[in-house]
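This report refers to the structure that appears directly beneath it.
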Amino acid sequence: MVNVSRFGKKVAEGSGISRLMGDLGDALAESQNILMLGGGNPAHIPRVQEHFRESMLKLLENVGEFERAVGNYDPPQGNKEFIEAISGLLASEFGWDIESKNIALTNGSQAAFFILFNMFAGAFENGSKKKILFPLAPEYIGYCDVGLADDLFITNRPEIEHIEEHIFKYHVDFDRINVTDEIGAVCVSRPTNPTGNVLTDSEIEKLSDLALANDIPLIIDNAYGMPFPNIIFTKAKPLWNQHTVVCMSLSKLGLPATRTGIVIANEEIIAMVSQFNAVMNLAPGSMGAAITTDMVRSGEIIRLSRDVIRPFYEKKAGEAVKQLLEELDGVDFHIHKPEGTFFLWLWLKGLPITDQQLYQRLKKRGVLVVPGHYFFPGFKAEWKHKHECIRINYSQDKEIVSAGLKIIADEVKQAYKDD
Ligand SMILES: Cc1ncc(COP(=O)(O)O)c(C=O)c1O
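Quick note, the sequence shown lines up with residues 20 to 438 if you use this note's numbering.
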């Protein structure tokens, strides 16, 4: 066994999530016929991909442009023209008082969370230890293991609102939230992966007030939100101010392979993120910026998100919910109201087996989903609900999603019957 540090051991020993991702990858490699409703990949939408192709062709045709894009390091803050274009877009769309000094790029927003969480939590110079508070679980699986220190997260059980017989929505339970000196920052994904929840404007305002009152940042993970990729099906007001850090990404627009994350924050935080970039990567990658800068400048990225991407996923969400409502008839099931993202969160109340057992059974039948208990970073209490939910990605082709949902419904019914 190689002798490594505590941190090395923590990461290298493998987390639940890396085992799960390995398992999903192995299942895919073993069979061509697997129905992949498990990962977080966005769909390949032809009308969107055409834009990226055209943009790439332009880059190649204009002599010198391609060479500059691949032949130079950008500054640690990220590509200047792209940052200027993003700042112009956000100022004109939302009226935010924002300049280039308020934006830094990272290699995917996942890298931004690694930087931000370890900047605002962990050991402090005065000897205190701080944590990141997720006001509501379930929350994004990718946050779970980015802490350099152990035990970096605290989270809370949500309030559950039953909207219809089979549709529910989680809310932040503010009575449970206690922002002590131990909290270094508050973080929410909005829209939320895995549930498709969109925290209400009033919840976001209250969280912002709480953060301000405690002089800590509120981090809003806007990977699916406005103004791009705009995979959000309800009305919601975007928020940014000097104590809020908004994280965005080109991934869910359809460019996950370019690894482009966008951090919007006050000048001091942006300077620190740039320093992290310099140490970890010298500079963030340039290709995402090279492909999309013109689309950002012209506003095309907003039209594409509004007119193509959002309707594409909204239609799919509607079809998936309709099918589950029909096929799960007779089961005590509840679907989180799909307000954004491309996931359905299915709660099977009183499920006689665990979410993990259901995952295994579905895998045997060729359908991959993600067991719900992975989405509770920092949640230590025992709560049956954690083991009664699964996340379903509905972004694949209609036939694949439909065949997968049919098998899920069949296996779920069987589980209740066996009991
Ligand atoms: C809520 C959320 N945040 C952040 C990310 C990270 O995305 P990326 O690193 O590709 O920007 C994802 C990816 O699935 C996500 O779902």
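C-beta atoms are modelled at their ideal positions from N, C-alpha and C, and glycine is treated no differently.
It should be emphasised that the depicted structure is a prediction, and the values quoted were computed from it without experimental measurement.
Kindly give me the distance between the Cβ atoms of I250 and G359, rounded to whole angstroms, as I take these residues to be in contact under 8 Å. That belief holds up - the Cβ atoms of I250 and G359 are roughly 5 Å apart, short of 8 Å.
Burial state of K99, where buried means 16 or more other Cβ atoms lie within 10 Å: Exposed: under 16 other Cβ atoms inside 10 Å.
Cβ neighbour criterion (16 or more within 10 Å) applied to T199: By the neighbour-count rule (16 or more Cβ atoms within 10 Å), T199 is not buried but exposed.
Given the structure, does Y159 come close to ligand 1, in the sense that its CB is under 7 Å from one of the ligand's heavy atoms? Within the cutoff, so yes.
One or two residues paired with N126 in a DSSP bridge: Partner residues in the beta bridge of N126, as assigned by DSSP, are T279.
Neighbourhood of A255 by C-beta, 7 Å cutoff - its chain only, sequence neighbours within 5 removed: Taken in chain order, the residues that qualify are V217, D220.
Under 7 Å Cβ to Cβ from G203, same chain only, skipping five residues before and after it: list those, please. Answer for G203: F139, A140, K149, K150, I151, I235, listed in chain order.
In the DSSP assignment, what are the bridge partners of T174? Looking at the DSSP output, T174 shares a beta bridge with F153.
State yes or no: is the C-beta of Y243 within less than 8 Å of the C-beta of P275? Cβ distance not < 8 Å, so Y243 and P275 don't count as in contact.
Quick check: the Cα distance between G397 and L155, rounded to an integer number of angstroms? Near 11 Å, if we compare the C-alpha coordinates of L155 and G397.
Please go through the segment 185-250 and give each complete beta strand (DSSP E) segment of 3 or more residues, from N-terminal end onward. For the segment 185-250, whole beta strand (DSSP E) runs of length 3 or above, ordered along the chain, are 186-190, 202-208, 237-240.
Can you tell me which of K403, A104, S128, S111 puts its alpha carbon nearest to the alpha carbon of K120? Of the candidates K403, A104, S128, S111, the one whose C-alpha sits nearest the C-alpha of K120 is A104.
Tell me whether K440 sits in a helix, a strand or coil according to DSSP, three-state version. Residue numbering for the chain in the displayed model covers 20 to 438; residue 440 lies beyond these limits and cannot be assessed.
Hey, how far is the Cα of G114 from the Cα of A46? When the Cα atoms are used, G114 and A46 turn out to be separated by approximately 47 Å.
Please report how far the alpha carbon of S270 lies from the alpha carbon of D93, in whole angstroms. Taking the CA atoms as reference points, S270 sits about 20 Å from D93.
Can we say the segment 420-429 touches the segment 366-375, given the rule of at least three CB pairs closer than 8 Å? With a cut-off of 8 Å, the segment 366-375 and the segment 420-429 do not count as touching, because too few Cβ pairs lie within range.
Below 8 Å, how does it come out for the segment 403-418 and the segment 386-394: are there three or more Cβ pairs, yes or no? The segment 403-418 is in contact with the segment 386-394.
Whose C-beta lies closer than 7 Å to the C-beta of K382 among residues of the same chain, with five residues either side of it excluded? If we look at K382 and ignore the five residues flanking it on each side, its Cβ neighbours are A46.
Taking the alpha carbon of D240 as the reference point, which residue from E112, G161, R66, E201 has its own alpha carbon closest? Of E112, G161, R66, E201, the residue nearest in Cα terms is G161.
Alpha helix (DSSP H) containing I36: first to last residue? Counting along the chain, the alpha helix (DSSP H) containing I36 begins and ends at 35-49.
Using the Cβ count rule (16 or more neighbours within 10 Å means buried), how would you classify E224? Of the other Cβ atoms in all chains shown, fewer than 16 fall within 10 Å of the Cβ of E224; this residue is therefore exposed.
Option nearest L109 by Cα separation, candidates A88, M291, I321: Cα-wise, what sits closest to L109 is I321.
Classify T263 as helix, strand or coil using the three-state DSSP reduction. In this structure, DSSP gives T263 an extended state, which the three-state scheme calls strand.
Under 8 Å, do I427 and H185 count as touching if we go by C-beta distance? No, Cβ-Cβ distance for I427 and H185 is not below 8 Å.
Let's test the definition: count the other Cβ atoms within 10 Å of the Cβ of Q18 and tell me whether it reaches 16, buried, or not, exposed. In the structure as shown, the chain starts at 20 and stops at 438, and residue 18 therefore has no counterpart that could be examined.
Between Q305 and ligand 1, is there a pair consisting of the residue's CB and a ligand heavy atom that are separated by less than 7 Å? Rather than Gln, the amino acid found at residue 305 in this sequence is Ser. No, the beta carbon of S305 sits no closer than 7 Å to any heavy atom of ligand 1.
Within 7 Å: the Cβ of P65 and any heavy atom of ligand 1? For ligand 1, not one heavy atom lies less than 7 Å from the Cβ of P65.
Which complete beta strand (DSSP E) runs does the segment 69-136 hold, if anything under 3 residues is left out? You should have 122-126.
Just the C-alpha distance for K436 and N260, rounded to the nearest angstrom, thanks. Using only the alpha carbons, I get a separation of about 52 Å.
Considering Cα atoms alone, identify which of C163, R380, T312 is closest to L171. For L171, the closest C-alpha among the options C163, R380, T312 is that of C163.
Own chain, CB closer than 8 Å to I196, minus 5 neighbours either side, in chain order: Around I196: L152, P154, N175, L229.
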